[in-house]
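J.:
In the numbering used here, the protein residues as written are 5 to 115.
1. Between residue 55 and residue 20, what straight-line distance do the alpha-carbon atoms span, to the nearest angstrom?
2. Rounded to whole angstroms, what is the Cα-Cα separation between residue 123 and residue 68?
3. What are the boundary residues of the alpha helix (DSSP H) that residue 73 is part of?
4. Return the residue from the list 93, 92, 114, 79 that minimises the CA-CA distance to residue 8.
5. In chain order, what residues of the same chain lie with their CB nearer than 6 Å to the CB of residue 75, ignoring the 5 residues before and after it?
6. Where do the ends of the alpha helix (DSSP H) carrying residue 29 lie?
7. Consider the Cβ of residue 35: report whether some Cβ of chain B lies at a distance smaller than 8 Å.
8. Are the Cβ atoms of residue 101 and residue 42 separated by less than 8 Å?
9. Could you tell me the boundaries of the alpha helix (DSSP H) in which residue 103 lies?
10. Cα-Cα, which of 98, 36, 44, 24 is closest to residue 63?
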């Protein structure tokens with residue numbers, strides 16, 4: 005089990021008292037939602053003209069931040085929040101997002 009998956013399992017077990025089977029069920033639902041939001045942000049950043057950022061950046065950042073916090077990934081949630089207010093351009097944000105996607109890969113659907 006990856007570090008990130010173990011962190012989610014600990015959080016859901018401790019805070020909600022969920023047994024492993026229920027944690028797996030939560031992740032089966034949360035993983036695709038998180039993947040969809042991260043992929044949409046990635047696409048929005050890729051489509052930006054140089055020197056601009058997506059119009060809906062704040063909303064996407066807020067949703068992703070909340071999704072991560074809800075499953076116990078506070079550090080990753082804070083990193084997403086900082087990313088939104090970092091002053092980075094779209095290309096730099098996309099690189100940071102790619103790092104986060106790699107880290108979260110064990111939770112996200114494959115394919």
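Every residue, glycine too, gets a C-beta built ideally from N, C-alpha and C. Only a predicted model underlies this, so the values are computations on that prediction, with no experimental measurement involved.
T.: With the structure as the only source:
1. Sequence index remark: in the chain shown, residue 55 carries index 51 (1-based). Sequence index remark: in the chain shown, residue 20 carries index 16 (1-based). Residue 55 and residue 20: Cα-Cα distance of roughly 43 Å.
2. As shown, the chain starts at 5 and ends at 115. That puts residue 123 outside it, with no answer to give.
3. Translated into positions along the chain shown, residue 73 becomes position 69. Per DSSP, residue 73 belongs to the alpha helix (DSSP H) from 61–74.
4. Residue mapping note: residue 8 aligns to position 4 of the chain shown, counting from 1. Distance from the Cα of residue 8 is smallest, within the candidate group 93, 92, 114, 79, for 79.
5. To locate residue 75, count along the chain shown from 1; it is residue 71. 12, 34.
6. In the chain shown, the residue the question calls residue 29 occupies position 25. Per DSSP, residue 29 belongs to the alpha helix (DSSP H) from 24–50.
7. Absent here is chain B; the protein component of the structure consists of one chain.
8. One-based indexing of the chain shown puts residue 101 at position 97. One-based indexing of the chain shown puts residue 42 at position 38. Yes, they are a contact pair.
9. Looking up residue 103 in the chain shown gives position 99. Unbroken alpha helix (DSSP H) run through residue 103: 94–108.
10. Stepping through the chain shown from its first residue, residue 63 is reached at position 59. Closest option to residue 63, Cα to Cα, is 44.
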